[in-house]
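Let me begin by presenting the structure, written as structure tokens, before commenting on it.
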Amino acid sequence: MKNRTNVRWLTQLALLAAILLVMNYTPLGYLQIGPLSASLLTVPVAIGAMTMDPLAGAILGGIFGATSFIQMVEGKSAMGAALFGVNPFGAFVVSFVARVLMGLCAALIFNALHKAMPKKEKLCCVIGAICTPVLNTVFFMGFLVLFFYNCDYVQNLAQTLGATNSFMFIVLLVGVQAVIEWLICGVVASAVTVPVRKYLKLN
């Protein structure tokens, strides 16, 4: 039984990792909005976090983060290239560490919700699905401000947006992008997670 469970866990993880990679290297993974990309890669991370466990959430978040960091190194986005040029370590934390924490915390939050409300699984899935992109925004922007707020690129961007402090900068920069991510992930991830969890319980 343990071997069967391990095989199923690895199979699920491999499938979601493959989906992440396909989304990352096709237009399915990102919606470009201004200087930022609205990432849809939070969807498979959320599904893994809610149907598997915190380790899977962290791994999937790490895969998401690794692809994001590679894009920074390759200069595929103006903002990512600028951040990497200013502080490579900070860019790694913003792109990779933030996403690992996102997947890990999303799973922990979902588990806590499910434990507190075991009879309201659909509601837990919706909240967990929304929490994943919210955490992505919080960790990404938090580390961005921590490592880069005082650099010329971000200061110029803040002036362009009319932001007078770091909080206003976060709100103005990610406002529309964040809402789109939250809505898409909330709808899609919860719609997939509910039947998957039901299937796993039956098998």
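Under this note's numbering, the first residue of the sequence shown is numbered 112, with each subsequent residue one higher. Ideal placement from N, C-alpha and C gives every residue a C-beta, glycine not left out. On a predicted model such as this, the values are computed, not experimentally measured, just so you know.
- In this structure Leu131 is in contact with Pro155, their Cβ atoms being roughly 5 Å apart against a cut-off of 8 Å.
- By the neighbour-count definition (other C-beta atoms within 10 Å, threshold 16), Phe278 is an exposed residue.
- The residue from Trp293, Phe203 and Thr304 with its alpha-carbon nearest to that of Cys242 is Trp293.
- When the beta-carbon positions are compared, Ala169 and Gly140 stay at least 9 Å from each other.
- The Cβ atoms of Leu246 and Ala227 do not sit closer than 9 Å to each other.
- Taking a 10 Å sphere around the C-beta of Leu257, we find fewer than 16 other C-beta atoms and assign the residue as exposed.
- Leaving aside the five residues that flank Cys296 on each side, the residues in its chain whose CB is nearer than 8 Å to its CB run, in chain order, Leu151, Thr153, Val154, Ala157, Ala240, Ile241, Thr243 and Pro244.
- Here Val307 is near Thr162, since their CB atoms are less than 9 Å apart.
- Taken in chain order, the complete alpha helix (DSSP H) segments of 4 residues or longer contained in the stretch 143 to 212 are 153 to 162, 165 to 185, 189 to 197 and 199 to 203.
- Take Phe221, set aside five residues on each side of it, and the residues of its chain with a beta-carbon closer than 7 Å to its own are Ala160, Met161, Cys235 and Gly239, in chain order.
- For the options Val211, Asn135 and Val133, the alpha carbon positioned closest to that of Phe254 is the one of Val211.
- Excluding its 5 nearest sequence neighbours in each direction, Val303 has C-beta neighbours in its own chain below 7 Å: Ile158, listed in chain order.
- Thr271 has its alpha-carbon roughly 10 Å from the corresponding atom of Leu284.
- Within its own chain, the residues whose Cβ lies closer than 8 Å to the Cβ of Val184, once the five positions on either side in sequence are excluded, are Phe195, listed in chain order.
- Non-local beta-carbon contacts of Ala202 in its own chain, meaning distances under 6 Å to residues more than five positions away in sequence, involve Met183, Leu194 and Phe195 in chain order.
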